[in-house]
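K.L.:
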Amino acid sequence: MKKAADRKFSEQTYMTDFFESFGLKIENMAITPAEYISSVPEEKLEDLGIEPETFFISLEAFVADFESMMSDKGMNVESLTIVGGQDKSGNPENVKLTINKGDIICIVGPTGSGKSRLLADIEWLADGDTPTGRRILINGEKPDLSIRYSPEHKLVAQLSQNMNFVMDLTAEEFVMMHAESRLVENPAEKTALIIEQANMLAGEQFKPDTPVTSLSGGQSRALMIADTAFLSKSPVVLVDEIENAGIDRKKALELLVKEEKLVLMATHDPILALMGSKRIVIKNGGIHEIIETSSEERGSLEALRKLDEKLLTMRNILRTGGRLNNIDDTII
Amino acid sequence: MKFITVSGPPSSGKTSVILKTIDALASRELKTGVVKFDCLTTDDDKLYEKKGIPVKKGLSGALCPDHFFVSNVEECVRWGKDKGLDILISESAGLCNRCSPHIKDITAVCVIDNLSGVNTPKKIGPMLKSADIVIITKGDIVSQAEREVFASRVKIANPAATIMNVNGITGQGAYELSRLFISGDEIETLKGRMLRFSMPSALCSYCLGERRIGDSYQMGNVRKMDMEE
Numbered sequence: 001m002k003k004a005a006d007r008k009f010s011e012q013t014y015m016t017d018f019f020e021s022f023g024l025k026i027e028n029m030a031i032t033p034a035e036y037i038s039s040v041p042e043e044k045l046e047d048l049g050i051e052p053e054t055f056f057i058s059l060e061a062f063v064a065d066f067e068s069m070m071s072d073k074g075m076n077v078e079s080l081t082i083v084g085g086q087d088k089s090g091n092p093e094n095v096k097l098t099i100n101k102g103d104i105i106c107i108v109g110p111t112g113s114g115k116s117r118l119l120a121d122i123e124w125l126a127d128g129d130t131p132t133g134r135r136i137l138i139n140g141e142k143p144d145l146s147i148r149y150s151p152e153h154k155l156v157a158q159l160s161q162n163m164n165f166v167m168d169l170t171a172e173e174f175v176m177m178h179a180e181s182r183l184v185e186n187p188a189e190k191t192a193l194i195i196e197q198a199n200m201l202a203g204e205q206f207k208p209d210t211p212v213t214s215l216s217g218g219q220s221r222a223l224m225i226a227d228t229a230f231l232s233k234s235p236v237v238l239v240d241e242i243e244n245a246g247i248d249r250k251k252a253l254e255l256l257v258k259e260e261k262l263v264l265m266a267t268h269d270p271i272l273a274l275m276g277s278k279r280i281v282i283k284n285g286g287i288h289e290i291i292e293t294s295s296e297e298r299g300s301l302e303a304l305r306k307l308d309e310k311l312l313t314m315r316n317i318l319r320t321g322g323r324l325n326n327i328d329d330t331i332i
Numbered sequence: 001m002k003f004i005t006v007s008g009p010p011s012s013g014k015t016s017v018i019l020k021t022i023d024a025l026a027s028r029e030l031k032t033g034v035v036k037f038d039c040l041t042t043d044d045d046k047l048y049e050k051k052g053i054p055v056k057k058g059l060s061g062a063l064c065p066d067h068f069f070v071s072n073v074e075e076c077v078r079w080g081k082d083k084g085l086d087i088l089i090s091e092s093a094g095l096c097n098r099c100s101p102h103i104k105d106i107t108a109v110c111v112i113d114n115l116s117g118v119n120t121p122k123k124i125g126p127m128l129k130s131a132d133i134v135i136i137t138k139g140d141i142v143s144q145a146e147r148e149v150f151a152s153r154v155k156i157a158n159p160a161a162t163i164m165n166v167n168g169i170t171g172q173g174a175y176e177l178s179r180l181f182i183s184g185d186e187i188e189t190l191k192g193r194m195l196r197f198s199m200p201s202a203l204c205s206y207c208l209g210e211r212r213i214g215d216s217y218q219m220g221n222v223r224k225m226d227m228e229e
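So the sequences go chain by chain: E and G. The UniProt record's numbering numbers the first residue of the first sequence as 1 and each following residue consecutively. The UniProt record's numbering numbers the first residue of the second sequence as 1 and each following residue consecutively.
Now the structure itself:
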C-alpha cells in the first residue's frame, strides 16, 4: 500500500479535514498531499506552523486512525469485572464483581468516599497499578492495555450532573455534528431518531431547530441520554444522579440498557437505587459491601413510586398556580 | 532528571492539572519542581509553594515570552538538577498560538479546555499540533457529546498525540497522566537540543521600541496585508 502522502486526495477525500485543521483548503483533488505541500511556498508553511517532516508523520497517523475507525466495530464488551484491591487504610476489598451488558449497578457512598476513583479505575482499565490496586477485566480477561489512552476505545461515557452546552447550535445541528464525528453511516436518520427518543423522555417537547442553549434542564438531560445511548461508542455509561427534573427516569435507564450499555449510576435516590440489581457501597476509598437488591426491597419500590407520583402531582399543582392546602399524613 | 514542557492557552487549567499530577507523583515518592513562565504577573508560584513544591517564576515582561523561555530554559534545568528533582515541569502560556516551547525528544504536553469551542484545535499551532500529550480539561461542565466532538477535533489536529481528559478539580485522570510523565527520558542538560518549531521572526522597528505609526517608521521585516478586493 502506498503511503497516504502519495495517494491522490480523490482516493481519500476525508484527508481534507486534516489539511483544513492546518488552514489549508484543498481544491484540486487530482493531486497527492506530497505534491500539494511541495507547491506551497516555504514561507506560507512556516506562517501556518507546518514543518513538512512532522506534518507528514501526523498525516500518516491521521489516515491510519481514520481507516481503523472505519473498520472498527467498537469494543465488544459483554461483561466487565472489578477485582478488588484495598481501601485507603490498606484493608483488602475482597470483591470480584461482574457486570453484564444490560445491568444497572448503583454506587452509593458519601462525597469524597472514593466513587470517582472507582470510575477512574474502570475508565483506565486499572491493572493493579492505581492507588487502589484494583484490576478490571473485560469479558473475564485482562484487556490489552494499549487501548488505555486511545480515545476511540474509550470505555466509559459519563453523563454528569452538569449539562451545559457551550456550542451555539440547534439540537439537530448539535447531534448531527456528533454523528459526523463518529462517522456513522446515516447521520441524518440517526439524528432524527435521537431527537424523537429524547422527546419521549422529556416532559416538555422540543423541536429539532430549538437551540441547545435554550433547552431546559430536563430536555438537555433527555437529549444527552438519547445521544449517549445511540451515538456513544463507549459500552459503559456512568450516570451521575438523574434528578427528577421533568424526565422519565425509568424510561431513560431502559433506553440505555436496551442499547446494550452497562450502566453504573451514582445515586442516593431511593427509587433509582432500587432500580439497580446491585449497589456498590463505597467507604474510606474502598468497596465496603455489595448489596443485592432483594425482592423485599423491590416491594418497597412500588410504595416509593406512588410517593413519587404524589410529589409530582403536587409539583404540577404549584407549576400551574394552584395551592397546596391540607396536606397531611393520609395523603402521603 | 526528567524534563516536561507543559503549555496551553491562558486559563485552560495548566496549573490545576500540574498540581494534581504532582500529588500523584509524590505518592510514588518522586520529587517534582516547576518553572512557571508568564508575561506580566502570576500568583501561581504561590500555589506551588503552598504545597511545598520547589518553584521558580520567570516573567518575560516586555520581551516575547517564548524567546524569553528558550533563553532561560537551560538554566532552569540546571536549577532543577541542583535541587535534586526527579522531574522538572515547565509551565507556559502559549500567547500568540503560533509558538511552542516544545523541545525534540522531551515530553511535550498541551492543555486545552472544552469551553474554548470546537474550532480552537484548528487555531492553535505547533503548541498543540506538535505535542506528544494533549490534555483536555473542564470536561465536567460540558455534555458527553461535546466532550466526544471536541476530542475528535483535537485528534484531527494532532492525530499522533495521546489525548486524555483530566479534571483539574477532582484530579480524575491525573494519576494516569503522571504515569506518562515518568516514561520520559532522563536528561543531563538541554544544551544542543532543538526546539520542535521555530519561533516567529521579530525584526521590525516595533520590536525595538518604536511607537509611532506610519510607513516611514516601519523598518526591517515588515509584511503588509493585501487590501485589494
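Using N, Cα and C, we set each Cβ at its ideal position, and we do this for glycine too. Quick caveat: nothing in here was measured; it's all calculated off a predicted structure.
Under a Cβ-count criterion, where at least 16 other Cβ atoms within 10 Å of its own Cβ denotes burial, should L119(E) be classed as buried or exposed?
P.N.:
It is buried - the Cβ of L119(E) has at least 16 other Cβ atoms within 10 Å.
K.L.:
Going by DSSP, which residues form a beta bridge with K36(G)?
P.N.:
K36(G) pairs with K57(G), E91(G).
K.L.:
Tell me which residue opens and which closes the alpha helix (DSSP H) that G217(E) is part of.
P.N.:
Run containing G217(E): 217 to 231, per the alpha helix (DSSP H) assignment.
K.L.:
So, helix, strand or coil for L155(E), using DSSP?
P.N.:
Looking at L155(E) - three-state DSSP - the assignment turns out to be coil, as it is neither helix nor strand.
K.L.:
Return the residue from the list A62(G), E75(G), L63(G) that minimises the CA-CA distance to K56(G).
P.N.:
Residue E75(G) is the option with its Cα nearest to K56(G).
K.L.:
Give a yes or no on whether 7 Å exceeds the smallest Cβ distance from Q218(G) to chain E.
P.N.:
Judged by the 7 Å Cβ criterion, Q218(G) is not in contact with chain E.
K.L.:
Check the Cβ-Cβ distances between A160(G) and every residue of chain E, and say whether any is below 7 Å.
P.N.:
Output row for A160(G): interface = yes.
K.L.:
Determine, for G49(E), whether the minimum Cβ-Cβ distance to residues of chain G falls below 7 Å.
P.N.:
Interface residue, yes.
K.L.:
Are the Cβ atoms of Q144(G) and M224(E) separated by less than 7 Å?
P.N.:
In contact: Q144(G) and M224(E) (Cβ atoms closer than 7 Å).
K.L.:
Give a yes or no on whether 7 Å exceeds the smallest Cβ distance from L115(G) to chain E.
P.N.:
It does; some Cβ of chain E falls within 7 Å.
K.L.:
For chain G, find out if any of its Cβ atoms is closer than 7 Å to the Cβ of T132(E); answer yes or no.
P.N.:
So, not an interface residue.
K.L.:
Sorted by chain position, which residues of the same chain lie with C-beta nearer than 7 Å to L193(E)'s C-beta, five sequence neighbours on each side aside?
P.N.:
F230.
K.L.:
Suppose the cutoff is 8 Å on Cβ atoms and the five residues either side in sequence are ignored; what does the same chain contact list for E78(E) look like?
P.N.:
Around E78(E): N100, K101, N139.
K.L.:
Thinking C-alpha only, which one of A222(E), S216(E), E260(E), T267(E) is nearest V239(E)?
P.N.:
Of A222(E), S216(E), E260(E), T267(E), the residue nearest in Cα terms is T267(E).
K.L.:
From E148(G) to G286(E), what distance separates their C-alpha atoms?
P.N.:
Answer to the nearest angstrom: the Cα atoms are 30 Å apart.
K.L.:
Exposed or buried, Y48(G), counting other C-beta atoms within 10 Å across all chains shown (16 or more means buried)?
P.N.:
Buried, because 16 or more other Cβ atoms sit within 10 Å of the Cβ of Y48(G).
K.L.:
Tell me the residue span of the beta strand (DSSP E) that contains R135(E).
P.N.:
It spans 135 to 138 - the beta strand (DSSP E) in which R135(E) sits, taken as one unbroken run.
K.L.:
Taking 8 Å as the cut-off, does the stretch 153 to 173 of chain G touch the stretch 129 to 141 of chain G (at least 3 CB pairs, one atom from each stretch)?
P.N.:
Yes, they touch.
K.L.:
Where DSSP assigns a beta bridge to D127(E), which residues make up the other side?
P.N.:
Per DSSP, R135(E).
K.L.:
Excluding five sequence neighbours on each side, which residues of the same chain lie with their C-beta closer than 8 Å to the C-beta of V175(E)?
P.N.:
Correct list, in chain order: K190, T191, I194, I195, L223, D227, L231.
K.L.:
When you compare the CB of V111(G) with every CB in chain E, is at least one pair closer than 7 Å?
P.N.:
By this cut-off, V111(G) is not an interface position.
K.L.:
On a CA-only basis, which of L274(E), M70(E), K115(E), K207(E) is nearest L304(E)? Give me that one, please.
P.N.:
It is L274(E).
K.L.:
Any beta-carbon of chain E closer than 7 Å to the one on V142(G)?
P.N.:
With 7 Å as the cut-off, V142(G) counts as an interface residue toward chain E.
K.L.:
Whose CA, out of A4(E), K96(E), K8(E), lies closest to the CA of E141(E)?
P.N.:
Here the closest residue by C-alpha is K96(E).
K.L.:
Round the Cβ separation of R51(G) and D45(G) to the nearest angstrom and send it over; I've been treating them as touching at under 8 Å.
P.N.:
Correcting the residue identity first, residue 51(G) is Lys in this sequence and not Arg. With a Cβ gap of about 11 Å, K51(G) and D45(G) do not count as contacting.
K.L.:
Flag this pair as yes or no: are the beta carbons of L195(G) and G220(G) separated by less than 7 Å?
P.N.:
No, the Cβ-Cβ distance between L195(G) and G220(G) is not below 7 Å.
K.L.:
Ignoring anything shorter than 3 residues or poking outside the stretch 150 to 177 of chain G, list the beta strand (DSSP E) runs there in chain order.
P.N.:
Complete beta strand (DSSP E) runs here, min 3: 162 to 165.
K.L.:
Report yes if the C-beta distance between I242(E) and G218(E) is below 7 Å; otherwise report no.
P.N.:
No. Outside cutoff.
K.L.:
Which residues in chain G sit within 7 Å of L253(E), going by Cβ to Cβ distance?
P.N.:
Near L253(E) there are no residues of chain G at all, since even the closest Cβ is about 16 Å away, more than 7 Å.
K.L.:
Since I57(E) meets chain G, which of its residues come closer than 7 Å, beta carbon to beta carbon?
P.N.:
In chain order: A160.
K.L.:
Starting from the C-beta of T213(E), find all residues in its chain whose C-beta is less than 7 Å away, skip the five residues before and the five after it, and write them out in chain order.
P.N.:
So the list reads F165, D168, once near-sequence residues are dropped.
K.L.:
Is any beta-carbon of chain G found at less than 7 Å from that of H178(E)?
P.N.:
Chain G, which has a Cβ nearer than 7 Å to the Cβ of H178(E), makes this yes.
K.L.:
How big is the Cα-Cα spacing for D66(G) and E204(E)?
P.N.:
Distance between the alpha carbons of D66(G) and E204(E) is about 52 Å.
K.L.:
Can you confirm whether V166(E), when its beta carbon is compared against all beta carbons of chain G, has any partner nearer than 7 Å?
P.N.:
Taking Cβ atoms only, chain G reaches closer than 7 Å to V166(E), which makes this a yes.
K.L.:
Starting from the Cα of G13(G), find the closest Cα among N167(G), D185(G), S27(G) and give me that residue.
P.N.:
Ranking N167(G), D185(G), S27(G) by Cα distance to G13(G) puts N167(G) first.
K.L.:
Since I317(E) sits in a beta bridge, which residues does DSSP pair it with?
P.N.:
None, per the DSSP bridge assignment.
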